[in-house]
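S.K.:
In full-length UniProt numbering, the protein residues as written are 1 to 270.
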């Protein structure tokens, strides 16, 4: 094997895109994951475990090629996975069909019934390695009247129950791959686990609400329900949970405003 170009997929550190040429001359690319300032060995292990589940069930995701989770062979924990075709860059105004396809993509993940595993634990919220609501309660992050009121409302409600399913854990446009006008795969499974389908559905609805317009979350829901053949339950609860697990100021003033609008709509229905 001959290694060609190597480029970072995130800020000059892991994960790495590597172009490879085989002895016979065939060329292909792989993604190498190793610890970085954002990603520890536990997240690399979760990603590897999730890709194994995805392959076992034929889900649209990269395939795990190799994993050295204790670092004995590579000198550091690492994993290697395939590169899938497509782009993770969405258009500035996604079509209704694209939004529905994103909901359908996560519905396919949720067809996998799964009990919690050491590397795929129970996830009570999206991106469960973060807990911004708890950070605000503890005074580690500023809050607002809306965020505090919403947090109190959510905590007063018992979390909805449902059969445990496989969840991606961090569904947003940047973790999808587009081809042919729709989402055909999900990538970056490092916060995957087991939980309620609303963990993914609420997160994706929140993300498109913050990025696009008020109609976008409904298109995601339509796609999920069409693909699953069932009505999604407890949408306001999971929308609120997803909105609360964001930093108070978000990544821009406009994003924070859109998040707040989304959150208000959710708690009005709780």
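For glycine and all other residues, C-beta sits at the position ideal for the given N, C-alpha and C.
#1: Using only the heavy atoms of the ligand NAP, determine whether one of them is closer than 6 angstroms to the beta carbon of residue 244.
#2: Quick check on residue 203: buried or exposed, where buried means 16 or more other Cβ atoms within 10 Å of its Cβ?
#3: Under DSSP, the beta strand (DSSP E) around residue 53 begins and ends at which residues?
#4: Of the residues 42, 43, 107 and 75, which one's Cα is nearest the Cα of residue 224?
#5: What's the gap between the Cα of residue 226 and the Cα of residue 118?
#6: Between 1, 26 and 58, which lies nearest to residue 185 when the distance is taken from Cα to Cα?
#7: Measure from the alpha carbon of residue 113 to the alpha carbon of each residue in 166, 210 and 174, then state which is nearest.
#8: Run the CB neighbour count on residue 197, radius 10 Å, all protein chains shown included, and call it buried at 16 or more, exposed below.
#9: Using the beta-carbon count (16 or more within 10 Å), is residue 161 buried or exposed?
#10: Excluding five sequence neighbours on each side, which residues of the same chain lie with their C-beta closer than 8 angstroms to the C-beta of residue 120?
M.R.: In short, the structure shows the following:
#1: The ligand NAP is absent from the structure shown, which contains no ligands of any kind.
#2: Walking along the chain shown from the start, residue 203 turns up at place 203. Around the beta carbon of residue 203, 16 or more other beta carbons sit within 10 angstroms, so the residue counts as buried.
#3: In the chain shown, counting from the first residue as 1, residue 53 sits at position 53. Looking at the DSSP string, residue 53 is not in any beta strand (DSSP E); the run it does join, the alpha helix (DSSP H), is 41-56.
#4: Along the chain shown, one-based indexing puts residue 224 at 224. Checked all of 42, 43, 107 and 75; the closest Cα to residue 224 is 107.
#5: Against the chain shown, residue 226 aligns to sequence position 226. Against the chain shown, residue 118 aligns to sequence position 118. Their Cα atoms are separated by approximately 32 angstroms.
#6: Within the chain shown, residue 185 is the residue found at index 185, counting from 1. Taking only the C-alpha atoms, the option nearest residue 185 is 58.
#7: Working through the chain shown from its first residue, we reach residue 113 at position 113. For the residues 166, 210 and 174, the minimum Cα distance to residue 113 belongs to 166.
#8: Translated into positions along the chain shown, residue 197 becomes position 197. That one is buried.
#9: As a first step, residue 161 must be located in the chain shown, where it is residue number 161. An exposed status is given to residue 161, since fewer than 16 other beta-carbon atoms sit within 10 Å of its beta-carbon.
#10: What you label residue 120 is simply residue 120 of the chain shown in a count that begins at 1. Result list for residue 120: 46, 49, 50, 53, 114, 166, 192, 193 and 194, in chain order.
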